[in-house]
Structures are given as structure tokens and as C-alpha cells.
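In this note's numbering, the protein residues as written are 1267 to 1479.
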């Protein structure tokens, strides 16, 4: 099976079986998604969604968060991984958002990455979800699943995986493909005990962990 055939089969399956694929982070505005995505680094979306309602009640706008110190933000996110670093990043991010962008979330990956706490993955998520930019965010799920399926080869970093994926997936599908792969990795192609017997794209998998029953 060629790489092109593998991509074609997997894309066709997802297009037919998961026509709607969206982030599981709960948000109402671009600011809220930006904050939630920063918090989601090395943390589950479920935990983030349990945390953000109270956080956003206390800091409903970038201006509110910009006026706060990390020490004021910390109690609202203490159940999140790395709360000390993230509270500092959120405070600094909000200040830059207000001071340099007028409180409006920037719409390019390059500008988003200028914000404290925003790496390439976070920037790609926000740019694709809010602004429909044709970019591919690579998190741990996407990195693992794309390697296991054989969509990437010898990719040692998320950036290398991103470059390989964007080279083969039609650009208009990139935002959706991110969610296809992350949801597949979260619920089917899990890290420790993948459910190969339930996998609809097993036939195209280059490195199956186990044979389906």
C-alpha cells in the first residue's frame, strides 16, 4: 500500500463516518478558546471543561484577566496540570492581548505565537477553530495516531509530523483532520490499550497493535 493510498482511504472513511468533528473544549468566544487551549496542554479537555466555567465567571474578558495577578488566577486553575506556570502565562497573555491587540484575539498563527503560553500547537488550534485557517495542530494524540497509522514516517517532533500531514491532506480538510485524529486517538486508538477491534480504519493501519477479534 502506498502512502497516497493510505491517506486516501483514511480520509474517505473519516469523511463518510465523521463528517462533523469539532473541539471538545467548551468556549463561547475566541478569548475563552485561547485560555482553554493554553490550559489543555498536558491536561485533559474534560478537566479543563470542569475548570473554566468558574474561571470565566471571575475573568469574563481579556481586560479582567489582564488586571489580575498570577496569584489571583491560580486558585481557579489549581486542579489543572502546571497551575503555577499557566497562571503566570495567562496573566501575561491577557496583558499582551489587551496592550498590543486591543483585547482581540489575533487571527494568524504568527501573531498568536507571540502571546505568552502559546506555542505552535495552541496557535494552530485557535487559528483553525476560530478563524478557519488551513493549518494542522499536532498534539500528543495526533502525533501518536499519525505515526501508528503510517501517515507520518520518522517524524521525531510535532513540527515534522505537521509538515508531513499538511503535505498529504487537502488544505481545506486540515482543520477537520486535526479533530479526526485527536478524537480517534482519544477514544479508539488509545495509547496503552487501543481498540483495534472497533477501528474503522484498521485496514489502512501500518502498525496495528493487535488484530481485531
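C-beta: ideal position from N, C-alpha, C; glycine also.
- Fully enclosed alpha helix (DSSP H) runs of no fewer than 4 residues occupy 1328-1332, 1336-1343, 1349-1367, 1375-1378 of the stretch 1328-1382, in order along the chain.
- When only Cα atoms are considered, residue 1419 and residue 1431 end up about 10 angstroms apart.
- For the 9 angstroms CB-CB criterion, residue 1388 and residue 1403 form a contact.
- By the neighbour-count criterion, in which 16 or more other beta carbons inside 10 Å mark a residue as buried, residue 1331 falls on the buried side.
- With respect to the 9 angstroms criterion, residue 1394 and residue 1436 are not classified as neighbours on the basis of their beta carbons.
- Distance between residue 1377 and residue 1368, taken at the CA atoms: about 13 angstroms.
- Annotation: residue 1302 to residue 1349 spans about 13 angstroms, alpha carbon to alpha carbon.
- Under a 10 Å Cβ-count criterion, residue 1359 is classified as buried, with 16 or more other Cβ atoms of the shown protein chains found around its own Cβ.
- DSSP, read as helix, strand or coil, puts residue 1462 in helix.
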